[in-house]
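To start, the structure itself, in C-alpha cells.
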Amino acid sequence: MSSEEVRLPYQLLERKTSVVCFVKSEVAPTAIEAFEDRFAKGRDCWNTWTIHPTKSYNDSECLRESVLDLLDLCREKFSEPNNVFYPYFLVILDERTVRDGSVLLVQRDPMFPGTWELRISPGSLAVFLTISSIGHTTIEDVIANEGYDDESRKDMYIYDVAFDHGDDLRMKNARIPVSEFQRSNEADGVSTLRLSASKTEAYGLPAVDIQVQWFGEPLNAILILSATLEDNPNERHVVGETRTQDAPV
Numbered sequence: 575m576s577s578e579e580v581r582l583p584y585q586l587l588e589r590k591t592s593v594v595c596f597v598k599s600e601v602a603p604t605a606i607e608a609f610e611d612r613f614a615k616g617r618d619c620w621n622t623w624t625i626h627p628t629k630s631y632n633d634s635e636c637l638r639e640s641v642l643d644l645l646d647l648c649r650e651k652f653s654e655p656n657n658v659f660y661p662y663f664l665v666i667l668d669e670r671t672v673r674d675g676s677v678l679l680v681q682r683d684p685m686f687p688g689t690w691e692l693r694i695s696p697g698s699l700a701v702f703l704t705i706s707s708i709g710h711t712t713i714e715d716v717i718a719n720e721g722y723d724d725e726s727r728k729d730m731y732i733y734d735v736a737f738d739h740g741d742d743l744r745m746k747n748a749r750i751p752v753s754e755f756q757r758s759n760e761a762d763g764v765s766t767l768r769l770s771a772s773k774t775e776a777y778g779l780p781a782v783d784i785q786v787q788w789f790g791e792p793l794n795a796i797l798i799l800s801a802t803l804e805d806n807p808n809e810r811h812v813v814g815e816t817r818t819q820d821a822p823v
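Read in our numbering, the sequence shown has 767 at position 193, and its numbers run on one by one without any break.
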C-alpha cells in the first residue's frame, strides 16, 4: 500500500458494512457455521455488519504465507462504490479457529499507519468493527492496552468482550441453502445472490425481496440476519443486503 493512499470518503465507507472472510482448507464447514452463529449472537439489533466467508482462496499461497496480498486484493476489489465490502478489514479462519474458536482480524487503513492483526472472538467482532470503523479504537490500541505485544502471550491471547444476544426475541436469523438464491456474476469477483419474498417468508424472515453480495465462491448455505429496532418495534429489517427493505413483522 502506498503511504500516499487516500482513504475512501466516510459517506462511502458507511455503506460498506460487509467484511470478507477467507477460510483455510483445514477449517471444516461445521467450524464455519459455529463462527457465523457466534458472530450473529454478538450483534445487537441495530448492528449492520456482516461477515461473508468465501470458499475461494482457501489453498492459495497468499493465505498460507502472508496476508499482505489479501490486503492488496481487498483494497483493489472493494474500493469500488458499487459493492458493500469494507476494503480495510479482512477476517481469516485458520487452524487456531479449529482449536479455540478465535479468528484473525487484519486491518490496514490509510488512517492508521501499518498492518495490524488481532486474535478476536467471533462474538466481539460486530461491535469492534463498528467502533473501529469510525475511529474510536484500533487494533493498535488493543495491543497497547492489553499487553498483546508480550511475545509470551501471543499464542494464547484472544480479544474477548463478546456479547450474547442469542435470547433476544428481536433477533431472527435463518440459514438458507445457496441453491434457493438466484446468482448473478458481477465485476471484480463479487456476485449478487437474490431471494424472492415468498422464499424469505418461508424461512421465517420478512416477506421482502432481498439481495446479498458475495465475494468469491459462497458457502453451501447463507446465514441471513434480521432484527427489529427499539425505535420501531413493529418492523423487522434484514441486514447485509445491498438494498435494505423493511416489512411488518
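Backbone N, C-alpha and C define an ideal beta-carbon position, used for all residues, glycine too.
**Bridge-paired residues (DSSP) for A761** = Per the DSSP secondary-structure output, A761 pairs with nothing in a beta bridge.
**Request:** Assign R612 to buried or exposed, taking buried as 16 or more other Cβ atoms, counted over all protein chains shown, within 10 Å of its Cβ.
**Result:** buried
**Item:** Alpha-carbon to alpha-carbon, G688 and E714
**Value:** 9 Å
**Asked** For W620, is the classification buried or exposed, using 16 other Cβ atoms within 10 angstroms of its Cβ as the cut-off for buried?
**Response** exposed
**Prompt:** Whose C-beta lies closer than 8 Å to the C-beta of A781 among residues of the same chain, with five residues either side of it excluded?
**Reply:** Result list for A781: A771, S772, T774, E775, A821, in chain order.
**Request:** Select from V597, R581, Q787 the residue whose C-alpha is nearest the C-alpha of D762.
**Result:** Q787
**Item:** M745 - DSSP class collapsed to helix/strand/coil
**Value:** strand
**Pairwise C-alpha distance: S592 and V735** = 21 Å
**Request:** Go through the segment 646-695 residue by residue and report every complete run of the alpha helix (DSSP H) that reaches 4 residues or more, in order.
**Result:** 669-674
**Message:** Could you compute how far the alpha carbon of Q585 sits from the alpha carbon of T622?
**Reply:** 15 Å
**C-beta atoms of Y731 and R693 nearer than 7 Å** = yes
**Prompt:** DSSP beta-bridge partners for Q785?
**Reply:** Its beta-bridge partners are R768.
**Asked** DSSP three-state call for P627: helix, strand or coil?
**Response** strand
**Request:** Confirm, please, whether the CB-CB distance from V580 to I625 is below 7 Å.
**Result:** no
**Prompt:** Could you give the residue range of the alpha helix (DSSP H) that holds V716?
**Reply:** 713-720
**Message:** For N719 and S753, I'd like the C-alpha separation in whole angstroms.
**Reply:** 45 Å
**Message:** Considering Cα atoms alone, identify which of V594, N632, S800 is closest to K651.
**Reply:** V594
**Prompt:** Helix, strand or coil: which one does DSSP assign to T802?
**Reply:** strand
**Item:** Nearest residue (CA-CA) to L779, options P696, V716, R744
**Value:** R744
**Prompt:** Does DSSP put Y777 in a helix, in a strand, or in coil?
**Reply:** coil
**Item:** Neighbourhood of I705 by C-beta distance below 7 Å, restricted to the same chain and skipping five residues each side
**Value:** T711
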